[in-house]
Amino acid sequence: MVTTATQRLLDLAAIAPASDDEDLLLELLEEANALYQQGFEILRAVVARRVDGTSPEVLVAAVNAVGLPCDASQDRDELVLLLALTEWEMTPAALAYSEMAEVAARRGVCLVPEL
1427 MVTTATQRLL DLAAIAPASD DEDLLLELLE EANALYQQGF EILRAVVARR
1477 VDGTSPEVLV AAVNAVGLPC DASQDRDELV LLLALTEWEM TPAALAYSEM
1527 AEVAARRGVC LVPEL
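The opening residue of the sequence shown carries number 1427 in our numbering; numbering runs sequentially from there.
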């Protein structure tokens, strides 16, 4: 059986709350983070292709329409990134990852070490 990155991320998010082992939770979070980044990069490329040829003014309007501030001084890649991020954050995979990271943080597990 082939597992997609999204399905694996959902599986990790389901497993994480039951883990009592902080080291295992960190490993699960690291794997989930890699899948999150991979999924976002794929979606960013899809969005870039979708808006290819769109004028900067239309991109700025699209970003503003989704509730993010931006202006015409931002380059095309930034605008595409903002559009993709907004779309990505609403996917089941991203939502599951966010919930997983929150569960881990409540238990003191985080990918960013404390300074």
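Beta carbons are placed, not taken as given, at the ideal position from N, Cα and C, and that holds for glycine.
Comparing C-alpha distances from Ala1471 to each of Glu1525, Leu1509, Arg1533 shows the shortest one belongs to Leu1509. For the pair Leu1452 and Leu1537, the CB atoms are nearer than the 9 Å cut-off. Collapsing the DSSP output to three states places Leu1505 in a helix.
CA-to-CA, the gap between Thr1480 and Glu1467 works out to about 20 Å. The beta carbon of Leu1505 sits closer than 6 Å to those of Leu1485, Val1489, all from its chain and outside the five residues before and after it, given in chain order. Under the 8 Å Cβ criterion, the stretch 1514-1526 does not count as touching the stretch 1493-1500, having fewer than three qualifying pairs.
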